[in-house]
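Peer 1: Take this structure, written in structure tokens, and hold onto it; I'll ask about it next.
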């Protein structure tokens, strides 16, 4: 029998303070809401092929005193994000939510390479010109380097005279990404990737030591985005080298060229120690609902009330994870490490820890 997200409402109401002490309805909520100012900037760097790359970013700065913890949200895909101001709409629901929660939030607008730039990276990586190069999805390769350049930019701005001077806490950084953005996020955490039949292992490639915690929304299955699975006489995989805290988020409706079950596989390969999976056992919410479409999840097929509950659950768990592992807040760590998200619904939430 098909379950619906409405079960969340009944399940949440059934849990009183005694079942989740300190967490009304078993939800973790932000302690204070902040207004924020919005600005835009361009970040440029030279990639490994010598190509100049420029990424537009929108910066949402909370109106609060002192240095600010940082979150970067990496969107999926690349189409439709080339115009001026495009970064303002990239993962806008997540970006606005975390800015209001007090994080200096950076939303990049990644872009598809021009034909010349695609040819340059293909030549560098060893993809043959023509069909092989044309089919190579360079977005996955570029994303961790783009985000590392953004961190460099923030560090420079923090040291300079200007609106961000002295405001960026480079010791409290979180990275979140959706779909292709989750691949880049996991790469920065230390995931290995395979391109043009070569495996890129080790911190000299994608891993960045600066972020403290990572959220991967709709993470890729093995065989996609350069991620590889174990095989006969080869027990290595893309995920077993990730040491820092990870939260993966997906669900039964999270397909889009992959399978929902496939998106869970990587979590099983993560080494133990604060590695979490939130899986929504409902097909009501599709791939985009975990990312750019969260503000209008389900479109006409799902009611506004059901969308609101779904959004509240995702917001609650993701914020608790970042508050706990980026800022070290004891209440947030209690919520995550004690598995309280599972209490929202035994039927519709699958909460896993490694």
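In my numbering, the protein residues as written are 54 to 407. Ideal Cβ placement from N, Cα and C applies to all residues, glycine included.
#1: Identify which residue in 308, 303, 342 has its Cα closest to the Cα of residue 402.
#2: Since I believe residue 138 is in contact with residue 231 (beta carbons under 8 Å), could you give me their beta-carbon distance rounded to a whole number of angstroms?
#3: Taking only three categories from DSSP, how would you classify residue 87?
#4: Mapping the DSSP letters down to three states, classify residue 159 as helix, strand or coil.
#5: Below 8 Å on the Cβ atoms is my contact criterion, and I expect residue 156 with residue 121 to pass it. Report the Cβ-Cβ distance as a whole number of Å.
#6: Got a sec? Which residues, its chain only, sit under 6 Å from residue 109 by beta carbon, not counting five neighbours each side?
#7: Is the stretch 215-234 in contact with the stretch 259-276, if contact means three or more CB pairs nearer than 8 Å?
#8: Determine which residues share a DSSP beta bridge with residue 126 and list them.
#9: Give, in chain order, every unbroken run of the alpha helix (DSSP H) that is at least 4 residues long and sits entirely within the stretch 191-236.
#10: What would DSSP say about residue 495, mapped onto helix, strand or coil?
#11: Within a Cβ cutoff of 6 Å, which residues of the same chain sit near residue 165, ignoring the five residues on either side of it in sequence?
#12: What is the residue span of the beta strand (DSSP E) that residue 322 lies within?
#13: Less than 8 Å between C-beta atoms, sequence neighbours within five positions excluded: which residues of the same chain meet that for residue 293?
#14: How long is the line joining the alpha carbons of residue 295 and residue 306, rounded to whole angstroms?
#15: Considering just the uninterrupted stretch of the beta strand (DSSP E) at residue 460, what are its terminal residues?
#16: Just the Cα atoms here: how many angstroms apart are residue 146 and residue 316?
#17: For the stretch 242-262 against the stretch 213-222, do three or more pairs of beta-carbon atoms, one drawn from each stretch, fall closer than 8 Å, so that the two count as touching?
#18: What do you get for residue 328, buried or exposed, if any count of 16 or more other CB atoms within 10 angstroms of its CB means buried?
#19: Can you tell me where the beta strand (DSSP E) with residue 403 in it begins and where it stops?
#20: Using C-beta distances below 7 Å, list every residue in its chain close to residue 277, excluding the 5 sequence neighbours before and after it, in chain order.
#21: Considering residue 303, what are the terminal residues of the beta strand (DSSP E) in which it resides?
#22: Say whether the stretch 283-291 touches the stretch 356-370, bearing in mind that this needs 3 or more beta-carbon pairs closer than 8 Å, one atom from each stretch.
#23: Given that a residue counts as buried once 16 or more other Cβ atoms are within 10 Å of its Cβ, and exposed if not, what is residue 392?
#24: Using C-beta distances below 8 Å, list every residue in its chain close to residue 201, excluding the 5 sequence neighbours before and after it, in chain order.
#25: Kindly say whether residue 194, judged by its beta-carbon, lies nearer than 9 Å to any beta-carbon of chain C.
#26: Rounded to a whole number of angstroms, what is the C-alpha to C-alpha distance between residue 119 and residue 388?
#27: Report the CB separation of residue 191 from residue 171 in whole angstroms; it is logged as a contact under 8 Å.
#28: Tell me residue 328's beta-bridge partners as DSSP assigns them.
#29: Would residue 187 be called buried (16 or more neighbouring beta carbons within 10 Å of its own) or exposed?
#30: What does DSSP give as the partner residues of residue 110 in its beta bridges?
#31: What residue range is occupied by the uninterrupted beta strand (DSSP E) comprising residue 252?
#32: Ignore the nearest five residues each way along the sequence and tell me which others in residue 374's own chain have a CB closer than 6 Å to its CB.
#33: Using only the alpha-carbon positions, how far apart do residue 153 and residue 113 sit?
#34: Hey, quick one: how far does the beta strand (DSSP E) through residue 263 stretch, first residue to last?
Peer 2: Reading off the structure:
#1: 303
#2: The C-beta distance from residue 231 to residue 138 rounds to 20 Å, too long to meet the 8 Å contact threshold.
#3: coil
#4: It is a strand residue.
#5: 7 Å
#6: 95, 140, 162
#7: yes
#8: 229
#9: 191-212
#10: Residue 495 is absent from the structure shown; the chain starts at 54 and stops at 407.
#11: 131
#12: First-last for residue 322: 313-322, but that is the alpha helix (DSSP H), not the beta strand (DSSP E).
#13: 322, 323, 324
#14: Residue 295 and residue 306 have their C-alpha atoms some 26 Å from each other.
#15: Any answer about residue 460 is impossible in this case: the structure gives the chain only from 54 up to 407.
#16: Rounded to whole angstroms, residue 146 to residue 316 spans 22 Å at the Cα level.
#17: no
#18: buried
#19: 402-406
#20: 311
#21: 299-304
#22: no
#23: Label assigned to residue 392: exposed.
#24: 241, 261
#25: As a matter of chain content, chain C is missing from the structure shown, which is built from one protein chain.
#26: 26 Å
#27: Confirmed, about 6 Å.
#28: According to DSSP, which records beta bridges pairwise, residue 328 is partnered with 299.
#29: Residue 187 comes out exposed.
#30: 94, 161
#31: 251-253
#32: A distance below 6 Å between beta-carbons, with the five flanking residues on each side excluded, links residue 374 to the following residues of its chain, in chain order: 300, 389.
#33: 9 Å
#34: Neither: residue 263 is in no beta strand (DSSP E) and is coded neither H nor E.
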